Every structure is written in C-alpha cells, then in structure tokens.
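S.K.:
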Amino acid sequence: MQYCLQFTNPDGKAAHLVSVTSEEENQFLLSYATLAGNQRFWIGYQYDNAQGRFIWVDGTSEAGYENWYPRQPTYGACVTVYDGFWASVWCTNSNGFVCKMAI
77 MQYCLQFTNP DGKAAHLVSV TSEEENQFLL SYATLAGNQR FWIGYQYDNA QGRFIWVDGT
137 SEAGYENWYP RQPTYGACVT VYDGFWASVW CTNSNGFVCK MAI
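Final position of the sequence shown in the working numbering is 179; the numbers increase by one with none missing.
#1: Using the DSSP secondary-structure output, state which residues sit across from Val157 in a beta bridge.
#2: Taking the C-alpha atoms as reference points, what is the distance between Ala178 and Ser137?
#3: Output the boundary residues of the beta strand (DSSP E) element that contains Phe83.
#4: What's the C-alpha gap between Tyr141 and Pro86?
#5: Following the continuous beta strand (DSSP E) through Arg147, name the residue where it begins and the one where it ends.
#6: Can you give me the Cβ contacts of Val155 inside the same chain, cut-off strictly under 6 Å, excluding the 5 residues immediately before and after it?
#7: Taking the alpha-carbon positions, what's the Gln78 to Gln103 distance?
#8: Could you give the distance in angstroms between the alpha-carbon of Phe83 and the alpha-carbon of Ala90?
#9: Taking the C-alpha atoms as reference points, what is the distance between Glu100 and Ala126?
#10: So, helix, strand or coil for Tyr123, using DSSP?
#11: Whole angstroms are fine: how far does the CA of Gly128 sit from the CA of Phe117?
Written out as structure tokens, the structure reads:
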C-alpha cells in the first residue's frame, strides 16, 4: 500500500502508514480521523507471509499493543481501524489512511 509515499520531509524521506503502539495513540488517531471524516482508515500493520505474523511497515519493533475486533484477525493481509478496533481485510478495500513521517 503506497498511500503515503507522495509525502516527504525536507530530507526527502517518505512518509508511511502510521504505527499504533498504545491505547493513547489509538485514541488520538480515532479523534483525528473522526475530525477528518474518516470512520475507517488504514494503519501500517500488515501480514508478512515470510514471518507468518503481522508487522509494522515502518519497522517499529513488535509492540505488545493490539486492538483487534473480536474474532480478528481473519483473512486479510492489511489492517483497517473501524469503530476504534482493528480488522484484517483485503488490501484492495477503499479506506482513508493516516500517514506518519520523521521531521
């Protein structure tokens, strides 16, 4: 998912989908997305077949925080946030997105 590559910092480093490592960060993103009118949005947590698990696309080390809907993750390789919880869905679904970049 290449949503954030169009954004760069002054050093030319591209942005990436946001990582979420705490409940406080999750709540902040929900507030931000709601103000922007996005009830569903992508985060940078994707299933990596080689590792057999979900990983953060920005390289954030595996954190203990996850906020899955009940009976999730399921079939999809990409993760969207909806109603404050995470769901694994097909990467071709249409959603908003939240980017993050170093400044």
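Glycine included, C-beta positions come from ideal geometry on N, C-alpha and C. Computed from a prediction, not measured in an experiment: that's the story for all the values here.
M.R.: Short version:
#1: For the purposes of this step, residue 157 is identified with residue 81 of the sequence shown, where counting begins at 1. Note: Val157 sits in a beta bridge opposite Phe117 and Trp162.
#2: Walking along the sequence shown from the start, residue 178 turns up at place 102. Walking along the sequence shown from the start, residue 137 turns up at place 61. Straight-line Cα distance between these residues: approximately 16 Å.
#3: Indexing the sequence shown from 1 puts residue 83 at position 7. Following the DSSP letters along the chain, one finds Phe83 in no beta strand (DSSP E), marked with neither H nor E.
#4: One-based indexing of the sequence shown puts residue 141 at position 65. One-based indexing of the sequence shown puts residue 86 at position 10. The alpha-carbon atoms of Tyr141 and Pro86 are separated by roughly 31 Å.
#5: One-based indexing of the sequence shown puts residue 147 at position 71. Judged by DSSP secondary structure, Arg147 falls outside any beta strand (DSSP E); it is assigned neither H nor E.
#6: Within the sequence shown, the letter at position 79 stands for residue 155. Ile119, Tyr121, Trp162 and Ser164, listed in sequence order.
#7: Position 2 of the sequence shown, counting from 1, holds the residue named residue 78. Position 27 of the sequence shown, counting from 1, holds the residue named residue 103. Going from the Cα of Gln78 to the Cα of Gln103 covers about 24 Å.
#8: For this step, residue 83 is matched to residue 7 along the sequence shown. For this step, residue 90 is matched to residue 14 along the sequence shown. Each residue's Cα considered, the two are about 6 Å apart.
#9: Numbered from its first residue, the sequence shown carries residue 100 at position 24. Numbered from its first residue, the sequence shown carries residue 126 at position 50. Rounded to the nearest angstrom, the two C-alpha atoms are 31 Å apart.
#10: Taking the first residue of the sequence shown as 1, we reach residue 123 at position 47. Residue state, collapsed to three classes: strand.
#11: Your numbering for residue 117 matches position 41 in the sequence shown. Your numbering for residue 128 matches position 52 in the sequence shown. If I take the Cα positions, the gap works out to 24 Å.
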